[in-house]
Amino acid sequence: MASKAGLIIAIVIAVVLITFPAWAPLLAPSSVSHGGGYGAAEHTEHGEHGASETSTTTCITGKLMGVDMNDKSIVVNGVKIYVKGRWSVNGESYNPYDMLSYLEKHMGSKITVCYYISENGEKMASKIIVAGTTATRE
């Protein structure tokens, strides 16, 4: 009887470990992703993003692994973050496609992205730092 209980416990633990990548993001929006590159480092700030959204901002530092112009998103250490809206760099305003084109030139580089979770659950970039340049969402 004890061996059956041990087997059941082992199976439950195995299922939890195998499915961890699928349910881990649901645990906390500030969990650290270690997708490779420079390693992930995050911190949390509180602030407002746009007129109607107040949320927690999470910053992740890592390797820029992908830029998707159609989806208006980037991937940093395996984390997909949307780059939408107008962006300000050194006092000049840029649309998301210009911003993504700039980021595409820095593929594989170290990048810091601060983002918040939108009302529909998407990670939305609010600040991007790459190659000594800081861009903020307008």
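Just so you know, the sequence shown maps onto residues 167 to 304 in this note's numbering.
Cβ coordinates follow ideal geometry from the N, Cα and C atoms, glycine included.
Exercise. In whole angstroms, what separates the C-alpha of G287 from that of S169?
Worked result: Distance between the alpha carbons of G287 and S169 is about 44 Å.
For this session: Let me know if I277 comes out buried or exposed under the rule of 16 or more other beta-carbons within 10 Å of its beta-carbon.
Result: Burial is judged here by how many other beta carbons sit within 10 angstroms of a residue's own beta carbon; I277 has at least 16 and is buried.
For this session: Tell me whether V249 sits in a helix, a strand or coil according to DSSP, three-state version.
Result: Three-state DSSP puts V249 in coil, outside helix and strand.
For this session: Go ahead and label G213 buried or exposed: buried means 16 or more other beta carbons lie within 10 angstroms of its beta carbon, across all protein chains shown.
Result: Confidence is the limiting factor: at G213 the pLDDT is only 42, short of 50, which leaves the residue's position unreliable and the question unanswerable from this model.
Exercise. Looking only at its own chain, which residues have a Cβ that is under 8 Å from the Cβ of D264, when we skip the five neighbours before and after it?
Worked result: Within its own chain, the residues whose Cβ lies closer than 8 Å to the Cβ of D264, once the five positions on either side in sequence are excluded, are W253, listed in chain order.
Exercise. In whole angstroms, what is the alpha-carbon distance linking T222 and A176?
Worked result: Looking at the backbone, the Cα of T222 and that of A176 are separated by about 38 Å.
Exercise. Between T299 and the rest of its own chain, which residues show a CB-CB distance below 7 Å, the 5 nearest in sequence each way excluded?
Worked result: These residues qualify, in order along the chain: V255.
For this session: Report back the beta-carbon spacing between K238 and L266 to the nearest angstrom; my notes put them in contact at under 8 Å.
Result: At roughly 7 Å, the Cβ-Cβ gap stays under 8 Å, so K238 and L266 are in contact.
For this session: Identify, in the order they occur along the chain, each residue of the same chain with its Cβ nearer than 8 Å to the Cβ of E304, setting aside the five sequence neighbours on each side.
Result: Counting only Cβ-Cβ distances below 8 Å, and skipping sequence neighbours, we find G251, R252, W253, S254, S259.
For this session: Work out the CA separation of G244 and V178 for me, nearest whole Å.
Result: If I take the Cα positions, the gap works out to 27 Å.
Exercise. For S289, does the count of other Cβ atoms within 10 angstroms reach 16, so buried, or fall short, so exposed?
Worked result: A small correction: the amino acid at residue 289 is Lys; Ser does not occupy that position in the sequence shown. Counting Cβ neighbours within 10 Å, K289 comes out buried, since at least 16 surround it.
For this session: For G216, collect the residues of the same chain with a Cβ closer than 7 Å to its Cβ; drop the 5 residues on either side in sequence, then sort them by chain order.
Result: Low per-residue confidence applies at G216: pLDDT is 41, beneath 50, and the placement is therefore not dependable enough to give any value.
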